[in-house]
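Right, one structure below, let's go through it.
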Amino acid sequence: MLTVGQEESVSVAAERLGLSQPAVSSALGRLRALTNDPLFVRGQGGMRMTDYARTLFNAVEAAFASMDAALREHAAFDPGTARDTFTILMSNIGQAVSVPLLVYHARKHAPRVRFNILPLSRASYLRQLDSGEADLACGYIAHPKECLRSFKLFDTEFVCLFRRDHPLIGDAIDRELYARLDHVAVKRERDSGPGIELLAELGLEQRIKLTVPHITAIPPILHATDLVLTTTRGFAETYARMAGLRWLPLPFEIPAVEIAIFWHEKKQTDAASKWLRNFLRDSILQGYQDGIAE
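Residue numbering for the sequence shown follows our numbering, beginning at 911 and increasing consecutively.
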């Protein structure tokens, strides 16, 4: 019931549980007979819980989470032999800059551990951390909820990234030039990147000539065009080296944003979670210190 409720699909739940779809359907039928309630009904986009199922789901989920936390709290976690798969929510920029650091260090310290990286979405991150679908979130979260715990990594500033031989840009960018440049920005279905928000605040949204859903598409676009990107300094420094690009400070001051690691309070004492957040923190900070990402 928990898995069907989380996935809103019998077939997806069956795959996650390692069971056949008929087996899950049969188990669901027994639950319906036991509770004398349909529990799940077909709706737009998947299986929807009845009111009774929602009440039952919340109680069972809390009980399982409590039991799981009790079992895992004092369990030893050995990264050298562990075969866990951890799911981490990251922004587009975080995926481009931090994931290579994570994999680089995992090869030496946790060779059998696997990582599943998902987008950090404002619309779903809290639900994913609360349900256990995701173990951590890494990036910028405005006004995090009280149920989240966090560790600050660093503050990041924004800069302008462009091709090395851009015909309009010399040793500096002033406000007038920034307003004349054509921009590319990242825009996913539900989330706008910082570049779009900044340009909108400046009344320059019409200068955005191209939007793409993922930031890894940006470097070849910049290399082949006269478009510019407003992005974090870490991303700009990384791809300035890798893709023959150049970056300069913005011609105005905007507040830096705090990049942090977030986890749900229910994971606070979990041994595997403790290792993961410390490992992610150390990998990112050590990577910057060693010049892997800078």
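Ideal placement from N, C-alpha and C gives every residue a C-beta, glycine not left out.
Keep in mind the model is a prediction, meaning the values are calculated, not measured.
Exposed or buried, which one is residue i when buried takes at least 16 other CB atoms within 10 Å?
i       : result
His1053 : exposed
His1124 : exposed
Thr1179 : exposed
Ala986  : exposed
Using the three-state DSSP reduction, which class does residue i fall into: helix, strand or coil?
i       : result
Lys1055 : coil
Phe987  : coil
Leu1139 : strand
Asn1026 : strand
Gly956  : strand
Ala975  : helix
Arg1156 : strand
Report the CB separation of residue i from residue j in whole angstroms; it is logged as a contact under 8 Å.
i       : j       : result
Leu1071 : Leu1139 : 5 Å
Ala1044 : Ile998  : 7 Å
Leu1114 : Ala1089 : 6 Å
Met959  : Phe967  : 6 Å
Pro1161 : Asp1084 : 5 Å
Leu1091 : Leu1078 : 7 Å
In chain order, what residues of the same chain have a beta carbon less than 8 Å from the beta carbon of residue i, not counting five sequence neighbours either side?
i       : result
Ile1131 : Val1094, Leu1120, Val1122 and Leu1137
Phe1145 : Ile1003, Ala1006, Val1007, Leu1071 and Ile1125
By Cβ distance below 7 Å, which residues in the same chain neighbour residue i in space, the five residues on each side in sequence not counted?
i       : result
Ile1202 : Note on Ile1202: pLDDT 46, under 50, position unreliable in the model; the coordinate value appears next. Taken in chain order, the residues that qualify are Leu1011 and Tyr1014.
Ala992  : Ala1020, Arg1022 and Val1023
Gln931  : Val920, Ser921 and Ala924
Ile1218 : This structure does not reach residue 1218, given that the chain is present from 911 up to 1204, and the question cannot be answered.
Ser1041 : Gln916
Under 6 Å Cβ to Cβ from residue i, same chain only, skipping five residues before and after it: list those, please.
i      : result
Glu918 : Gly956 and Met957
- Message: Tell me whether the stretch 1072–1091 and the stretch 1155–1163 touch, counting them as touching only if at least three CB pairs, one residue from each stretch, are closer than 8 Å.
- Response: yes
- Task: State whether the stretch 1028–1042 contacts the stretch 1167–1177, with contact taken as three or more CB pairs (one from each stretch) at a distance under 8 Å.
- Result: yes
- Query: How do the stretch 1025–1032 and the stretch 1053–1062 stand: do at least 3 beta-carbon pairs fall below 8 Å, yes or no?
  - Reply: no
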